[in-house]
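A.B. asks: Quick one: structure below, then a few questions.
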Amino acid sequence: MSYKNRLVQSLIALCLALPLAWLSAETYASDFPESARQQALNMAAEFPRLHSIMAAHDGDVIIAEAFRGPGLDTPANIKSLSKTVLSAVVGGAVDRGEVRLDQAITDLMPNRIPDNATPGIERITLANLVSMQAGLERTSGRNYGRWVVSNDWVAYALSRPFVDEPGGRMLYSTGSTHLASVALTETTGRSTLALAREYLGEPLGIRIDPWLRDPQGAYFGGNDMVMSPRDLLTFGEMYRQGGRHNGVQVLSERWVNTSWQPNDRSPWTDDAYGYGWFITELAGERVYYGRGFGGQVLYVVPSVELTVVITSDPNPPSPGGRYLRELHQIVAQVLIPAAHHL
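Residues -29 to -1, 1 to 313, numbered by mature numbering (1 follows the signal peptide of the UniProt record, and there is no 0), are exactly what the sequence shown covers, in order.
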């Protein structure tokens, strides 16, 4: 083969390889300080269970790193961060007039109320479910295992005794958010998966795969959804921009603001809780975040135009609250101060 032919073949091979290299590289069209970006990555790399971190400032991706695990574009189990996504699905139904927050669950799903339901459940509203204020004994924590092995998750949750009044204390309970999922399905006649794809997946251009369903076929409300870090970042950015994405109003600004209004406080972290979002303060800024078991976290900090996604190994043993506090420090010590000075 002549030198000329070898040169031509080499150039062709290079041209074919360039698009692949371009697609695999992250570009950062932002004035976010490189020193802060590197510091955040160094802190993240210290956690052996941390899978990935992504962040955007003023709409520009400033961090996109997968240390291990499925990667940035592969759906992974986001555990109870699903509650934040489910809240958005509820918001989509509220925006369209398909449900109201003040509707009683007995009106939303009359065919699913068991004969042994606890007296007084007609006082529980859809709002009470998404704010974790149903008043019923929790089905999370030490009660979770008995609940998920029952043959009817709805009947089990609705037969729990009242330990507070509806609208009273925040009682973190996945049974409450699952009841919200079932209520949506029963009222609209469409699965929670179909609603999530219609209200969020299509307008945001994100992938929402099927996830776990209960014994009666309803999609699990508040746990085990699978989403990629990149799609979670898009979802969080939509909230940061008042429900808008690429000029399209995906959720109403009213719903976003309502979701971020405190209803009560978590007894474990003392952070306030709205509709699917925890509310706290980091580095002097108001921060809204959703979280899932083992270190799946989505942060939105509108005051400094910042959105952050962190995914982690969800398998036990989980370091619990300590690990969450350590993840908070990446946002509080590095990302917020850097964004604040731009």
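Here a beta-carbon is modelled for each residue, glycine too, at the ideal position from N, C-alpha and C.
(1) Are the CB atoms of P200 and D44 within a distance shorter than 9 angstroms?
(2) Counting only the same chain and skipping the five closest in sequence on each side, list residues whose C-beta sits under 6 angstroms from that of M198.
(3) Can you give me the C-alpha to C-alpha distance between V65 and W239, rounded to a whole angstrom?
(4) If we count the other Cβ atoms within 10 Å of its Cβ and call it buried at 16 or more, is Q9 buried or exposed?
(5) Leaving out five residues before and five after M141 in sequence, what residues of the same chain have Cβ atoms less than 8 angstroms from its Cβ?
(6) In terms of alpha-carbon separation, which member of Y246, L222, A88 and S51 lies closest to L171?
(7) Do A151 and G192 come within 9 angstroms of each other at the CB atom, strictly closer than that value?
(8) Starting from D92, follow the beta strand (DSSP E) in both directions and report where the run begins and ends.
(9) Could you give the distance in angstroms between the alpha-carbon of residue 349 and the alpha-carbon of G218?
(10) Using C-beta distances below 6 angstroms, list every residue in its chain close to G176, excluding the 5 sequence neighbours before and after it, in chain order.
(11) Excluding the five sequence neighbours on either side, which residues of its own chain have a C-beta within less than 8 angstroms of the C-beta of D73, listed in chain order?
(12) Please list, in chain order, all residues of the same chain as N194 whose beta carbon is under 7 angstroms from its beta carbon, the five residues on each side excluded.
(13) Tell me where the beta strand (DSSP E) around residue 315 begins and ends.
(14) Using only the alpha-carbon positions, how far apart do G40 and S283 sit?
(15) Rounding to the nearest angstrom, what Cα-Cα distance links R178 and F206 in this structure?
(16) Once you ignore the five residues that flank H299 on each side, which residues in its own chain have a CB closer than 7 angstroms to its CB?
(17) What does DSSP give as the partner residue(s) for Q267 in the beta ladder?
(18) DSSP puts N48 in a beta bridge; with which residues?
(19) Measure the C-alpha to C-alpha separation of S111 and R215 and round it to an integer number of angstroms.
(20) Less than 9 angstroms between the C-beta atoms of A167 and H149, yes or no?
(21) Would you give the residue range spanned by the alpha helix (DSSP H) that I307 belongs to?
(22) Which two residues bound the contiguous beta strand (DSSP E) that contains E36?
(23) Give me the Cα-Cα distance between V32 and M25, rounded to the nearest whole angstrom.
(24) Distance check for F249 and V134, CA to CA, integer angstroms please.
(25) Taking DSSP's pairing of strands, which residues face I179 in a bridge?
(26) Can you tell me whether A(-9) is helix, strand or coil according to DSSP?
(27) In or out: Q212 buried (at least 16 other Cβ within 10 Å) or exposed?
(28) Could you say which of T77, P174 and A310 lies nearest to A126 if we only look at CA atoms?
(29) Hey, would you say Y259 sits closer than 9 angstroms to V275, going by beta carbons?
(30) In whole angstroms, what is the alpha-carbon distance linking V305 and E69?
(31) Excluding the five sequence neighbours on either side, which residues of its own chain have a C-beta within less than 7 angstroms of the C-beta of D242, listed in chain order?
(32) Cutting at 7 angstroms between CB atoms, please list the residues of its own chain near S162, excluding the five before and the five after it.
(33) Opposite Y244 in the DSSP bridges: which residues?
(34) Does the Cβ of E224 have 16 or more other Cβ atoms within 10 Å, making it buried, or fewer, making it exposed?
(35) Output the boundary residues of the alpha helix (DSSP H) element that contains S121.
C.D. replies: Let me spell this out:
(1) yes
(2) P46 and I49
(3) 30 angstroms
(4) exposed
(5) S102, M103, Q104, N234, D235, R236, S237, P238 and Y244
(6) L222
(7) yes
(8) Note that residue 92 is Ile in the sequence shown, not Asp. It is not in any beta strand (DSSP E) - I92 carries neither H nor E in the DSSP assignment.
(9) In this structure the chain extends from -29 to 313, so residue 349 is not present and cannot be described.
(10) none
(11) T96, L97 and A98
(12) K50, S51, S53 and T145
(13) Limits of the chain in this structure are -29 at one end and 313 at the other, which puts residue 315 out of reach.
(14) 8 angstroms
(15) 11 angstroms
(16) L253
(17) G263
(18) V197
(19) 33 angstroms
(20) no
(21) I307 to H311
(22) D31 to A37
(23) 8 angstroms
(24) 22 angstroms
(25) According to DSSP, which records beta bridges pairwise, I179 is partnered with nothing at all.
(26) The predicted model places A(-9) with a pLDDT of 29, which falls under 50 and marks its position as unreliable; any figure quoted below should be read in that light. Residue state, collapsed to three classes: helix.
(27) buried
(28) T77
(29) no
(30) 42 angstroms
(31) R236, F249, I250 and T251
(32) T156 and Y190
(33) D235 and F249
(34) exposed
(35) No alpha helix (DSSP H) contains S121, which DSSP labels as neither H nor E.
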